[in-house]
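Reviewing the structure listed below.
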Amino acid sequence: MVRRFDFCSLLNAAGLNAAGLNAAGLNAAAMNAAAMIVVMMIVAGTSFPRAASAGGLTPREEFFENQVRPLLIGRCQECHDASLQESDLRLDSRALVLQGGISGPAAIARNVDESAIIQAVLGQGNFQQMPPDDPLSQGEIAILKKWVRIGLPWPGDDDPVAPALGDQVAIVRAAQSHWAFLPVVHPTPPDVSGLPWAGDLASSDQRVSGDEIDSASAGSVTDVHPIDAFIWETLHDHQLQPNPPAARRVLLRRLYFDLIGLPPTSEQLDALEQDSRPDDVVLGEWTDRLLASEHHGERWARYWLDLARYADTRDWQAQAELRYPYAYTYRDYVIHSLNDDKPYDQFVKEQIAADLYLDPVSTDPAAVDSVGAETLAALGMLTVGPRFRNNQLEQMADKIDVVCRGLMGITVACARCHDHKYDPVPIEDFYSLYGVFASSVEPQSLPIIPGHQPAGDIAADFQAQLAAAQGVLADYKERLKQQADKALRSDLPKYFDGFVMMTIQKKADIRGTISKLKVEDIVMTPLNNRLAQSLKDKRLAKHPVLAPWQQGLSISAKQFADQRQDLIRQWLADQDLNARIRSGIESAPPKTQGDLVAIYADAFDHVIGNAKAVGKANAKGDPKSPPKIAKLDADDEAIRRLLLGPGGWLDLDVEAVANASRLTGKGRKALGDRLKAITEVEASHPGAPPKAMSLVDLEKPVTPFVMLRGEPARRGDRVPRQFLELIAGPDRQPFRVGSGRRELAEAIVDPSNPLTARVAVNRVWARYFGEGLALSLDDFGLRSDPPSHPELLDWLAAEFIRNGWSMKWLHRTIVTSQTYRQSAAARDDGLLADPTNRWLWRQSRRRLDFEAMRDSMLSVAGVLDPAIGGRSIRLSEQPYSFRRSVYAYVDRIELDPMLRTFDFASPTASSASRAETTIPQQALFGMNHPLVAQLCRRIAADCRDGLGRPGNTDGTAQVQSIYRRVYGRAPTAQELSVSLRFIHQAENDHSTFESTWQYGYGPLRWKFAPNGTRGPANGGFTPLPHWTGAFYQASDQFPDPVLKHVRMTNRGGHPGDGDAKSLIRRWTAPDDGVVSVSGTLKHSRDGSDGVVAAVRTRVDSTGFVAAQSTVETAVDRIEVKRGDVVDFVVSAGPTTRADSFAWTVVVQGIEGQLAGRTWDSVSDFQGPPPPPLSPLAQLAQGLMLTNEFLYLD
């Protein structure tokens, strides 16, 4: 049995009480550090290890061997074994029973009504009663029914032979009997009223029917809770019994953390203990109160956000804006939906197709009403994912994975390159779903979510800043367009040559074309795209200017060569053909498609030149000097309008030009910087209105082709957009409306889908018990182990659907069971029979996850910000935010150090669970992190100020107050005694701790002579008081009004004016011994007389001078006593102009207690240590690092 761990026991057991530590010469800070180390060592070692299952047969297997196998041998296998198979049916192995015969599988695990073997022995359905000559007795039929109901156990033949990898025929056959792919049944909870301990443990507010489990009915003595019935039957089968309920205080703390992720207060715990009503009534009321709390959604949203791989940034891409300014609106949608108990099926549908449920469906973001826009935020599940450097195939695979594995526990993304190796998912199914998601895009303008918009001056300021940033971008794009227009019109034939290389001949890509022809990227890309698009416009085949262009270039080069003479005759015979184009064809009949493009390029170039001349002449307007060309003729005017009119071929789209500028690093940076400026305003300005990261369907949905081996260039057959055959069956119909996202969403939450409800309830169960009924939380495929309690899993799934997909119904049903409420205490018989607690004979002891741990620290410190929703906060940014951890800013590229330390789920892929590690960084967080120290000081201050200082009393009240704040209870007599002794002796310890290195200024106090004369001993030293986070200086002003440019960095610095303001890096010897010094002094600034330096010890100094030079600063031997200092002093020369220097130093211990130790001035450089915690704060810290605080019992 594991006892509750307490701080006093730790101190006594480890010999770390205040008296012992003080006698050892440790100050308060060192005592705290030592105590904390032991705390974390013990904390790290308390979790229960997994052990192998006990050997021998389980009770179910014994039932098979004793009852079922003799029955099958004696009554069935005469006609259904290896020697004879009537109806192609064998009943001599589990695999063959599941495979069945000509009528299909002989049995379906846990489904008595649909199993053919039961129908046959009863003579029901289309079956003749078996055996025909001597039917089974009712007792024998009951044995078969029980065997089917408990999952068809068969020792040594639990699973059918695994099909070969990728053999979809065999995989499909195996899937027909796989537990997760079978329809959800609605089993009746077993009758366990006869169990000897059932009456004592049965809860007073329990009903067999799920929707009757309600605290409103508390008070009447009724049947066993359905969950307990399933669990207790299995425990009885394994000759186990459940633990008794945990103490009320333990249960309330368990409820608080499980339902809202925060600890109860001592007042709430005391009120619970003083309530004399039955447990079911009292705990039922607390359950309803916590489920109604707005903090419930915050707790459970974090689990969902792991599934949705939520992040506030995209993944890395050069020069791209990485932030999602409005990702938080999706997080807030999840929180509000869970708080509102939105039906789970609706919750899922909105996250896949919210835009398609608006009435009427609108693609105009401005037309969406308040409710609609808030619902559109649900689409963040699809839009907050990684972008994979804009690789569409990777993006679609990510969406398929988050939807299929995240919602149904099926790994469809594994069928991207080939048929799934393990599950019945052919490659065609992957690309069917690819087409669904590829048919939707994010709109250019995201819809604003009304009702949450800032107003007044702050909103006006936002609009002004946003307009300014957008104006800078618009001006830049316009300049690019003007540059592109000028380049194109001045060298048009060269760009048409590029079109031939890229599109007609396909001999070069954009980079090769630009390099060879020396053309502008901002012209070549948009022009090539526009010209290539014209070849697909069949209307141009009759255009008076472009008919030859479309007819001659829309065919292959071989077709052009074969049809060339006929095409030329046809063109020249066309009376409507533009005269300039006709002239070009007549004068130089095209032999290749490139020749035809050249004819057009020359004609277009000539018209542009003429149009330019006309424009200049008309502008001049001098009647005495008439222009050579007064105006263009009709044919040239037709070409001019085609090229230069609104939307003309040479009127390049400004957005296309801007996007083309991304080809070069310089262009990406220029455009990216301006886009980032806009995002900065949207992401950080408090007046920015929230927007939904929504989707809209393309006008023409994508009908995808299979990419063989996952390679876009290797095209297979096209496939329709449709649902998985695994679930929808071979007669499924393609999606008919738009992208198909709405039809996909409805197929996922269709009650006939065997996966969705099972996966959902299994994951919720895992949060309450440490692991799911099925161990795999995100893969229910053929490789998944069967659930420990299959009937319970199906009952929960069926009741979940029947109760309107209510998540709060599911939470309430689980936490009102005795299985949930039982104690986590270990028993010898339980550990022997079921060491991993798979049969749930006790509750599982669980470590708080990071969010609950940090939020609890904030809560007991009294600083937790209860605000719901809003922008994300950076956890490690000072001053620290006291908002709940669910609002942490999640950066895919550089995850916050706190999140990275504590097993936060990777935001790059959907995660149904988190790894649980125990690493030194976690212990160091609790021992050394400034946030923890700040919270401990706050607790100590509250307890001291509220109850009087320990100097005025014996401190009992303060210790009791801290215990009640952190643990929610008063200390025991032993805890109080040890804590008081620790506090009183720590208060009398006035020793201090100084770091090895210090940084300051003072006099050099010696005069350098060229012959190396040594000067006097150490002079004065004044520490530099201000730490910027990167270096030390005199104040927060730089230059400082008094010390001017005095500054110390990790590699050097700058001295002040005169000898008295020399810069000093001081090393203090931690022990007796001998050290050597090596280093390099460098001064490189021109216009300076250099710097004077010294290595100064207790007895003498060694001097150096550097002026635009580098000097080695070695001292071979320095004898030191503990506490002696070695100063590395730098003084300005006669002038202080340009006296910045670099001086890196290594102190190496060579004899005595310092031998083998090294101190490096660069790597050791850091900010000042935080002030030591007071004894009360140390006590608070110690309590927050114990198991009682960090674990859920």
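Those letters in the sequence shown? Residues -23 to -1, 1 to 1170, by mature numbering (1 follows the signal peptide of the UniProt record, and there is no 0). From the three backbone atoms N, C-alpha and C, an ideal C-beta is built for every residue, glycine too. Just so we're clear, the structure is a prediction, and the values are computed from it rather than from any experiment.
Inset, instruction - Grab me the residues of N995's own chain with a C-beta within less than 7 Å of its C-beta, minus the 5 sequence neighbours each way, in chain order. - result: Unreliable positioning characterises N995 in this predicted model, as indicated by a pLDDT of 48, which lies under 50. The coordinate reading is nonetheless provided below. R1073, R1075, V1102 and D1104, listed in sequence order.
Inset, instruction - Could you check what DSSP says for M684 in three-state terms: helix, strand or coil? - result: In the three-state reduction of the DSSP assignment, M684 falls in the strand class.
Inset, instruction - Assess, as a yes-or-no matter, whether the region 485 to 503 is touched by the region 612 to 620 under the definition of 3 or more beta carbon pairs within less than 8 Å. - result: Short answer: they don't touch.
Inset, instruction - Determine the extent of the beta strand (DSSP E) in which Q799 is found, giving its start and end residues. - result: Boundaries for Q799: no beta strand (DSSP E) harbours it, and the DSSP string shows neither H nor E there.
Legend entry - Coil, strand or helix - R914 by DSSP: In the three-state DSSP reduction, R914 falls in the helix class (H, G or I).
Inset, instruction - Work out the CA separation of A844 and Y866 for me, nearest whole Å. - result: When rounded, the distance between both Cα atoms is 16 Å.
Legend entry - Helix, strand or coil at K122 according to DSSP, with G and I counted as helix: In the structure shown, K122 sits in a helix (DSSP, three-state: H, G or I).
Inset, instruction - Below 6 Å CB to CB, which residues in the same chain sit around V1122 once its five sequence neighbours on both sides are set aside? - result: If we look at V1122 and ignore the five residues flanking it on each side, its Cβ neighbours are G1056, F1105 and S1138.
Legend entry - Residue span of the beta strand (DSSP E) that contains D1137, given as start and end: T1135 to D1137 is the extent of the beta strand (DSSP E) around D1137.
Legend entry - CB-CB length for S1053 against I1127, believed under 8 Å: Rounded to the nearest angstrom, the Cβ distance from S1053 to I1127 is 5 Å, consistent with a contact under 8 Å.
Legend entry - Helix, strand or coil at L(-8) according to DSSP, with G and I counted as helix: Confidence at L(-8) is low in this model, with a pLDDT of 38, below 50, so its placement is unreliable and the value that follows should be read with caution. Coil.
Legend entry - Where A31 falls, given that 16 or more other Cβ within 10 Å makes a residue buried: Because A31 carries a pLDDT of 37, less than 50, the predicted location of this residue cannot be relied on, and the following value inherits that uncertainty. Looking at its Cβ environment, which holds fewer than 16 other Cβ atoms inside 10 Å, A31 is exposed.
Inset, instruction - Find out if the Cβ-Cβ distance for the pair M670, T290 is shorter than 9 Å. - result: The Cβ atoms of M670 and T290 do not sit closer than 9 Å to each other.
Inset, instruction - Identify, in the order they occur along the chain, each residue of the same chain with its Cβ nearer than 6 Å to the Cβ of S409, setting aside the five sequence neighbours on each side. - result: Once the five neighbours on either side are set aside, the close Cβ partners of S409 are V696, R698 and Q699.
Inset, instruction - Closer than 7 Å by C-beta to P401: which residues in its own chain qualify, once you throw out the five before and the five after it? Chain order, please. - result: Hits under 7 Å: Q145, I148, V149, A152 and L703.
Legend entry - Classification of S417 by the beta-carbon crowding that lies within 10 angstroms, buried from 16 upward: With at least 16 other beta carbons inside 10 angstroms of its own, S417 counts as buried.
Legend entry - Distance between D842 and L1160 (C-alpha atoms, nearest Å): Annotation: L1160 to D842 spans about 22 Å, alpha carbon to alpha carbon.
Legend entry - Closest Cα partner of V89 within the set S70, L159 and A278: Between V89 and the set S70, L159 and A278, the nearest pair of CA atoms involves L159.
Inset, instruction - Please say whether H57 and L48 have beta carbons closer to each other than 9 Å? - result: Result no, Cβ atoms of L48 and H57 do not sit closer than 9 Å.
Legend entry - CA-to-CA distance, D235 to E38, given in whole angstroms: Distance between the alpha carbons of E38 and D235 is about 36 Å.
Inset, instruction - Report the rounded CA-to-CA distance for D396 versus V389, giving the unit in angstroms. - result: The alpha-carbon of D396 is positioned some 10 Å away from that of V389.
Legend entry - Close Cβ partners of W1044 (< 7 Å) along its chain, the five nearest in sequence each way excluded: Around W1044, the same chain offers T973, W974, V1102, V1103, V1124 and W1136 as residues with beta carbons nearer than 7 Å, after the five sequence neighbours per side are excluded.
Legend entry - Exposed unless 16 or more other CB atoms sit within 10 angstroms - verdict on D756: D756 comes out buried.
Legend entry - beta strand (DSSP E) segments (min. 3 residues) lying fully within the region 33 to 59: Considered as a whole, the region 33 to 59 harbours no complete run of any beta strand (DSSP E) with no fewer than 3 residues.
Inset, instruction - For the beta strand (DSSP E) containing P1052, list its first residue and its last residue. - result: Per the sequence shown, the amino acid found at residue 1052 is Val instead of Pro. In the DSSP annotation of this structure, the continuous segment of the beta strand (DSSP E) that includes V1052 starts and ends at G1050 to H1060.
Legend entry - Simplified DSSP state of A1091, which is helix, strand or coil: In the three-state DSSP reduction, A1091 falls in the coil class, being neither helix nor strand.
Inset, instruction - May I have a chain-ordered list of the beta strand (DSSP E) segments no shorter than 3 residues that lie completely inside the region 198 to 251? - result: With a minimum length of 3 residues, no continuous beta strand (DSSP E) run stays inside the region 198 to 251.
Inset, instruction - Would you list, in sequence order, the uninterrupted beta strand (DSSP E) runs of no fewer than 3 residues that lie entirely inside the region 492 to 575? - result: Counting whole runs of 3 or more residues, the region 492 to 575 contains no beta strand (DSSP E) stretch at all.
Inset, instruction - Verify whether the separation of the beta carbon atoms of residue 1207 and H202 is less than 9 Å. - result: This structure leaves residue 1207 out entirely; the chain is present only between -23 and 1170.
Legend entry - Exposure label - T999; buried when at least 16 CB within 10 Å: Exposure of T999 is indicated by the presence of fewer than 16 other C-beta atoms within 10 angstroms of its C-beta.
Legend entry - Spatial distance of V634 from F476 (CA atoms): Going from the Cα of V634 to the Cα of F476 covers about 16 Å.
Inset, instruction - Give the DSSP-derived three-state secondary structure of M670 in the structure shown. - result: Judged by DSSP in its simplified three-state form, M670 adopts coil rather than helix or strand.
Legend entry - For F1118, the three-state DSSP class (helix, strand or coil): For F1118, the three-state secondary structure derived from DSSP is strand.
Legend entry - Cβ-based neighbour list, P112, same chain, cut-off 8 Å, excluding 5 preceding and 5 following: Residues of the same chain with a CB within less than 8 Å of the CB of P112, apart from the 5 flanking positions on each side, are V98, G100 and Q106 in chain order.
Inset, instruction - Using a threshold of 9 Å, state whether the C-beta atoms of V673 and E351 are closer than that. - result: Cβ distance not < 9 Å, so V673 and E351 don't count as in contact.
Inset, instruction - Within 10 angstroms of the Cβ of K319, are there 16 or more other Cβ atoms? Answer buried if so, exposed if not. - result: The residue is buried, with at least 16 neighbouring Cβ atoms inside 10 Å.
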